[in-house]
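What follows is a set of notes on a single structure, which appears directly below.
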Amino acid sequence: MGFERWFNRTLNQVWGFIEDRTGMPKWALRPQPEFTFKPSYWTGAFVVNAFLYQVISGLLLLLYYQPSVNPTYTACGQPVGTLSTSPAAWCSTYYIVHSVPMGSLLLSTHLYGSYAMIFLAIVHFFRGYYLGVYKAPREFSWMVGTLLMLTTLGMGFTGYLLPYTQISLNATNVGLVLALRLPYAGPLIGPLLLSDGTGQGLLSRMFAAHVVLLPLALGALLYAHIALFESHGIAPPATSDPLQRRRFTEEEDKKNVPFMPHIFFYITKWALLYIGLLIGIAALWPWNLPTYAGDLTATGIVTEPDWYFLWLFKFLDFQGVTPVIAIGVTTVIILYVLFLPFLDRSKATHPRDRPVFIIIGTSMLEFWFLMTVWGGLTPGVAITPMEVALRIGPLFAANAVVVALFHWRYRKSYRARMAARTGAASTCPGAYPSSLVGGSRPSVAEASARD
Ligand code: HEM
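Under my numbering, residue 452 is the last one in the sequence shown; the count climbs by one each step, no gaps.
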């Protein structure tokens, strides 16, 4: 106990010194209200954790990986010293998996880490969507977030080709066909992606994008995203009450829990849990490297992307859906998400007050989920319009009915509660209960006990 008290005191002193000399609480990692000690308030931070793991594991992989399609003398399944028939990119991946100490674990955690990062970003996105965090003053946070999501998906797309397996080459080609159909942008990015039209040209461009360009873009966007978050403060809970403020005052901020070390430790605990889970899963189910691109002996290779692009592949299986239609629909979805803060102009943030946008959001979620599962189960199998209507129609209809019922049920008691709240608010307008706003600086032990 004595040690714990000494440790906490010393830590507080060290952070106090750093905060004082850097003025950090004014420009970064600002204090946050006590109620944010819940995972749902830090979904974005979990994405950052996942990103940091990707950077570290990716840099380690870079020590061995060779971005070349030429045959190599490196042993990769063949006797040492013989010129392998497989490309160096595949061979060096084979070498990482089979010869580098813990290489298989490293590569598997990097791959599963990318799945986790995308999954967590999707959770972060839908949390923000349902709770209306995109409303004033956080419109730009949302728009930068949308660009972050696209960049993250770009990381997944470019990384998929790097082991240079036949399956990844096939799927990348389908993705390229779609990207080239993008209105206006397609003809511009075509030469950038394809280079001189050779396999080596494509691999080099994907490699450059994956390890330099997109990480730089991600870093810059992340900086803007977090700077915006710091300047607005965390979004208060969703509410139907138009009197409730959408940001905290400076006075309230002072009463909040300091980021360092309390929130930092809180997030670190989740980060350690995340890394532990990732390593555990990778150790139990290591990734198997599929055969290399150009393997003439291989048969029955399907064209399949990673799970997060399966929905788009399945969409192309719909009869009558051409690449132009698929890319057109994708563009509309992206524009909808990007400009959502300017489409949904009402003040209320509670999901029950925004039936139209909740129906659209839930339909998007259902569509994506159904298509992903469908794409995983029956890749490349053509789907008739009738089948589409029979599967997706009931889902959309049930969604609309449930949301409308909730909205109707809620509106019945809305006026009475608003009148009561307005009365209470006249004594303390827009305030949260003091327990939510937070009090004095709690100890590290108190903060960690909360989880
Ligand atoms: C893909 C990578 C992304 C990363 C690394 C990221 C990171 C973060 C971080 C660290 C925060 C601070 C609060 C928190 O931890 O939740 C945050 C907040 C926020 N993010 Fe993201 N984000 C990403 C994607 C997105 C996307 C796709 C959107 C929406 C389109 C979005 C919209 C927002 C908004 C509106 C906030 C403010 C929320 C609040 O104040 O509670 N972000 N993000």
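Quick reminder that beta carbons are idealized off the backbone N, C-alpha and C, glycines included.
Check: Count Cβ pairs between the stretch 53–60 and the stretch 221–240 that sit closer than 8 Å; are there 3 or more?; Outcome: no
Check: Using only the heavy atoms of ligand 1, determine whether one of them is closer than 7 Å to the beta carbon of F52.; Outcome: yes
Check: Let's test the definition: count the other Cβ atoms within 10 Å of the Cβ of I19 and tell me whether it reaches 16, buried, or not, exposed.; Outcome: exposed
Check: With a 10 Å radius around its C-beta and 16 neighbouring C-beta atoms as the bar for buried, classify Q33 as buried or exposed.; Outcome: buried
Check: Going by beta-carbon coordinates alone, are P1 and P40 separated by less than 8 Å?; Outcome: Any answer about residue 1 is impossible in this case: the structure gives the chain only from 2 up to 452.
Check: Return yes when the C-beta of V49 is under 7 Å from any heavy atom of ligand 1, and no when it is not.; Outcome: yes
Check: Between the alpha carbons of A383 and E367, how many angstroms are there, rounded?; Outcome: 20 Å
Check: Run through the DSSP bridge pairs and tell me what Q497 is partnered with.; Outcome: This structure gives no information on residue 497, because the portion of the chain shown stretches from 2 to 452.
Check: Between which two residues does the alpha helix (DSSP H) containing E367 stretch?; Outcome: P356 to L378
Check: Name the two residues that bound the continuous alpha helix (DSSP H) containing E231.; Outcome: L215 to H233
Check: May I ask you to list the residues that DSSP assigns as paired with T166?; Outcome: Y293
Check: From the DSSP output, which residues share a beta bridge with L265?; Outcome: Note that residue 265 corresponds to Phe in the displayed sequence, not to Leu. DSSP, once it has assigned bridges, lists no residue as partnering F265.
Check: For K256, which of R31, L317, F266 and I268 has the nearest alpha-carbon?; Outcome: R31
Check: Candidates M365, G329 and F407: which alpha carbon is nearest L396's?; Outcome: M365
Check: Decide if the stretch 307–322 is in contact with the stretch 203–215; the criterion is three or more beta carbon pairs, one per stretch, under 8 Å apart.; Outcome: no
Check: Hey, is A46 close to ligand 1, as in C-beta under 7 Å from one of its heavy atoms?; Outcome: yes
Check: Nearer than 7 Å: is that true of the beta carbon of W143 relative to any heavy atom of ligand 1?; Outcome: yes
Check: Enumerate in chain order the residues of its own chain whose CB-to-CB distance from A29 is below 7 Å, with the five nearest sequence positions on each side excluded.; Outcome: E231
Check: Going by DSSP, which residues form a beta bridge with F319?; Outcome: I384
Check: DSSP on P352, reduced to helix/strand/coil?; Outcome: helix
Check: Tell me whether W308 counts as near ligand 2, meaning its Cβ is closer than 7 Å to at least one heavy atom of that ligand.; Outcome: Among the ligands present in this structure, namely ligand 1, ligand 2 is not found.
Check: Would you grab the beta carbon distance between T94 and P188 for me? Rounded to a whole angstrom, and I think it's under 8 Å.; Outcome: Not really, about 33 Å apart at Cβ, beyond 8 Å.
Check: Quick check on this structure: which residue in R353, L341, P237 and G202 has the alpha carbon closest to the alpha carbon of V70?; Outcome: G202
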